Every structure is written in structure tokens, then in C-alpha cells.
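Peer 1:
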Amino acid sequence: MNRKNVIKNLIIMIALLAIFNLGYGMTGDEILKKVDENITPNSIKYNGEMIIFKRGRKYTKKMKIYGKGTEKSFVEFTYPSRDKGTKYLRIGDNMWMYLPKANRTVKISGHMLRQSMMGSDFSYEDQTNRNKLYDIYNSKVKEETKDFYLLELVVKKGVETSYYKRLIWIGKTNFNLIKEEMYAVSGKLLKAMTVLKNDIIDGKYYPSDIKMEDKIKKNSYTEIIMKDIELDVNIKDSMFTLRALERK
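The numbers in my numbering rise by one with no breaks, and the one at position 51 of the sequence shown is 53.
1. Span of the beta strand (DSSP E) holding GLY69?
2. Apart from the five residues on each side of it in sequence, which residues of its chain come closer than 7 Å, Cβ to Cβ, to LYS36?
3. Roughly how many angstroms lie between the CA atoms of LYS86 and LYS56, to the nearest whole one?
4. Between GLU78 and the rest of its own chain, which residues show a CB-CB distance below 7 Å, the 5 nearest in sequence each way excluded?
5. Who are the near neighbours of GLU232 in its chain, counting only those whose CB is closer than 6 Å to its CB and skipping five residues on each side?
6. Do you know offhand how far GLY30's Cα is from VAL143's?
7. Helix, strand or coil: which one does DSSP assign to ASP239?
8. So what does DSSP say about ARG132, is it helix, strand or coil?
9. Can you have a look at GLU162 and say buried or exposed, based on whether 16 or more other CB atoms are within 10 angstroms of its CB?
10. Buried or exposed for GLN129, please, with buried defined as at least 16 other CB atoms from any protein chain shown within 10 angstroms of its CB.
11. May I ask which residues mark the beginning and end of the beta strand (DSSP E) holding ASN96?
12. So, are the CB atoms of THR196 and SER122 less than 9 Å apart?
13. Grab me the residues of ILE226's own chain with a C-beta within less than 6 Å of its C-beta, minus the 5 sequence neighbours each way, in chain order.
14. Quick one: is ASP204 buried, meaning 16 or more other Cβ sit within 10 Å of its Cβ, or exposed?
15. Helix or strand or just coil, what does DSSP make of VAL37?
16. Can you tell me the Cα-Cα spacing of GLU182 and LYS193, whole angstroms?
17. Count the other CB atoms within 10 Å of the CB of ILE170; is the residue buried (16 or more) or exposed (fewer)?
18. Would you report the Cα separation of TYR61 and PHE150, rounded to the nearest angstrom?
19. Nearest by alpha-carbon distance to ASP208: which of VAL187, ASN221, ASP230 is it?
20. Would you list the one or two residues that DSSP bridges to ALA246?
21. Would ASP216 be called buried (16 or more neighbouring beta carbons within 10 Å of its own) or exposed?
22. From ALA246 to GLU146, what does the alpha carbon distance come to, in whole angstroms?
Right under this line is the structure:
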């Protein structure tokens with residue numbers, strides 16, 4: 003084999019190695035940033051259906067969701083009639099709930115954010131938190147296969163959050179969220195979340211159908227189905243005010 007053919011074969015081998023090792027060696031932080039790009043848009047709005055399965059019975063609720071930046075969320079329930087007009091506003095670590103029948107606004111903060119929202123397996127924190135995972139957790143690659151990464155996330159020093167540790171499974175091709183487990187500092191499994199469907203919206207793989215199981219409860223899980231999702235859309239700041247919350 004002459005020198006020209008040797009060089010040619012070496013170039014081909016290097017190119018093939020580059021293709022087969024695409025993404026290999028990525029750090030946990032690099033992967034987590036890719037995940038954040040998919041699941042934490044600059045803003046979002048959608049219509050949601052919350053289906054609660056509890057002790058063999060099914061309860062369906064409908065809601066409108068708005069989110070902007072890393073600190074602002076607004077939730078309004080539209081169905082059933084007993085919940086219609088119930089609204090939630092979150093700004094940073096503070097949250098307010100408006101009860102239309104009592105025409106009353108109640109503040110929710112601190113450990114209360116970890117309580118169940120509307121009897122579901124989602125807490126107020128789960129449903130309204132908009133922080134990027136990278137800003138809250140240190141991450142490392144715990145396992146890597148040809149199909150997925152398994153990341154272990156541990157809360158950063160000085161940061162307060164509901165879950166001390168999370169294990170998240172990430173699709174290797176598109177960095178889409180597959181499933182997640184949330185743990186207490188004691189190591190106890192608190193919740194498990196599974197993505198049942200991702201929608202591709204403006205190049206992002208956004209979870210549009212998710213199932214949450216509260217592992218402390220028994221015989222219970224909640225599914226949230228998101229429809230009419232709009233990402234990085236213009237939402238006025240006036241949406242995220244007490245005035246908007248209390249508007250009838």
C-alpha cells in the first residue's frame with residue numbers, strides 16, 4: 003500500500019471515529035444545559051388537563067398556564083365548575099392563591115410550596131417552578147448507553163429546593179427528558195416522573211404529557227396533558243400581578 007492510500011485510509015478512520023463518538027465525553031453540566039434548552043423556554047403558555055388517579059377513581063381538571071423568565075408563573079383553573087376561577091400567581095419564592103367563592107387571596111410560601119396542588123401528585127413547586135436545573139444542581143454522568151444518559155443531580159451549596167437529589171434519564175440524540183426520580187436528603191425516594199410524550203416545538207423537545215407519582219402516597223398518580231403549547235411567546239408583565247390574579 004503506497005503512502006497516499008495510507009493517508010487516505012487514516013483520514014477515513016478518523017472521520018468514522020468522530021461520527022461514532024459524537025457526544026461522547028460530554029460532562030454532566032454540558033448535558034444538563036442541553037436539557038434546560040428543551041424544557042425551560044424564555045416564556046410559555048398552554049392549556050392543560052390534569053387527570054388525578056386516586057384509589058381507583060379518576061378526577062379531571064382543566065387549566066391555563068403562563069410562565070415567563072425564571073420567576074413568574076400564572077395558573078388558572080377552568081374546570082370543573084367547583085374549581086373554576088381558582089388562580090395561582092408565583093413570583094420568585096412567593097405564591098398567592100385566589101379563591102373566587104370566598105373572594106379571597108391567600109399567600110403560599112416556604113415549605114407550603116411543597117404541598118399538593120388541587121389534590122394532585124404535583125406540588126405547587128412542581129407545577130410553577132421555572133428555574134433552570136443547571137442553576138440549582140451540580141451534575142455528573144452516572145451511566146451512559148447508546149440511547150440515553152443517566153445524570154445524578156445534587157443541589158448546589160446554599161440553594162434551597164424541594165429535592166436534594168434527582169436522577170434524570172436523558173435521550174442521547176435530542177437531549178429530551180425521559181424520566182426522573184426525586185429524592186430527599188435522607189436518600190428516600192419522594193416522587194417519580196415519566197414523560198409519556200414530547201412535542202417538537204421550534205426545534206425544542208418539550209414534554210407535553212407527563213405522569214407524576216408521589217411515592218409517599220399510595221395508589222395515586224397524576225397525568226398532565228398539555229395542548230396548544232406556545233414557547234418563547236410574548237406575554238405581558240401585567241399578567242403576573244395581584245390585580246390580574248383577583249380579576250373576576
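Note that CB positions come from ideal geometry on N, CA and C, so glycine has one too.
The structure displayed is predicted, hence computed values, not measured ones.
Peer 2: Put simply:
1. For this step, residue 69 is matched to residue 67 along the sequence shown. Taken as a continuous stretch (DSSP letters only), the beta strand (DSSP E) holding GLY69 covers 59–70.
2. For the purposes of this step, residue 36 is taken as the residue at position 34 of the sequence shown. Closer than 7 Å at the Cβ level, and outside the excluded window around LYS36, lie PHE177.
3. Along the sequence shown, one-based indexing puts residue 86 at 84. Along the sequence shown, one-based indexing puts residue 56 at 54. Taking the straight line joining both Cα atoms gives about 21 Å.
4. For the purposes of this step, residue 78 is taken as residue 76 along the sequence shown, with counting starting at 1. Closer than 7 Å at Cβ, skipping near neighbours: MET65, LYS66, LYS89.
5. One-based indexing of the sequence shown puts residue 232 at position 230. Only LYS47 meet the Cβ criterion.
6. Counting from one through the sequence shown, the residue named residue 30 turns up at place 28. Counting from one through the sequence shown, the residue named residue 143 turns up at place 141. Computed Cα separation, rounded: 5 Å.
7. Sequence index remark: in the sequence shown, residue 239 carries index 237 (1-based). ASP239 falls in the helix class under three-state DSSP.
8. For the purposes of this step, residue 132 is taken as residue 130 along the sequence shown, with counting starting at 1. Three-state result, ARG132: coil.
9. The residue you call residue 162 lines up with position 160 of the sequence shown. With fewer than 16 other Cβ atoms within 10 Å, it is exposed.
10. Sequence index remark: in the sequence shown, residue 129 carries index 127 (1-based). Result: buried.
11. Translated into the one-based positions of the sequence shown, residue 96 becomes position 94. That run of the beta strand (DSSP E) goes 96–101.
12. Locating residue 196 in the sequence shown gives position 194, where the first residue counts as 1. Locating residue 122 in the sequence shown gives position 120, where the first residue counts as 1. Result no, Cβ atoms of THR196 and SER122 do not sit closer than 9 Å.
13. Translated into positions along the sequence shown, residue 226 becomes position 224. Cβ within range, chain order: GLY50, MET52, ILE212.
14. Position 202 of the sequence shown, counted from the start, is the residue given in the question as residue 204. Answer is exposed; the Cβ neighbour count stays below 16.
15. By 1-based counting over the sequence shown, the position of residue 37 is 35. Helix, per DSSP.
16. Within the sequence shown, numbered from 1, the residue matching residue 182 stands at position 180. Within the sequence shown, numbered from 1, the residue matching residue 193 stands at position 191. Computed Cα separation, rounded: 8 Å.
17. In the sequence shown, the residue the question calls residue 170 occupies position 168. Counting Cβ neighbours within 10 Å, ILE170 comes out buried, since at least 16 surround it.
18. Translated into positions along the sequence shown, residue 61 becomes position 59. Translated into positions along the sequence shown, residue 150 becomes position 148. Spanning the two alpha carbons is a distance of roughly 34 Å.
19. By one-based count along the sequence shown, residue 208 stands at place 206. For the record, residue 208 in the displayed sequence is Tyr; it is not Asp. The shortest C-alpha separation from TYR208 is found at ASP230.
20. The count along the sequence shown starts at 1 and reaches residue 246 at position 244. Beta-bridge pairing links ALA246 to no other residue.
21. Here residue 216 refers to the residue found at position 214 when the sequence shown is read from its first residue. Label assigned to ASP216: buried.
22. Residue numbering aside, residue 246 sits at position 244 when the sequence shown is read from its first letter. Residue numbering aside, residue 146 sits at position 144 when the sequence shown is read from its first letter. Going by the C-alpha atoms only, they are around 46 Å apart.
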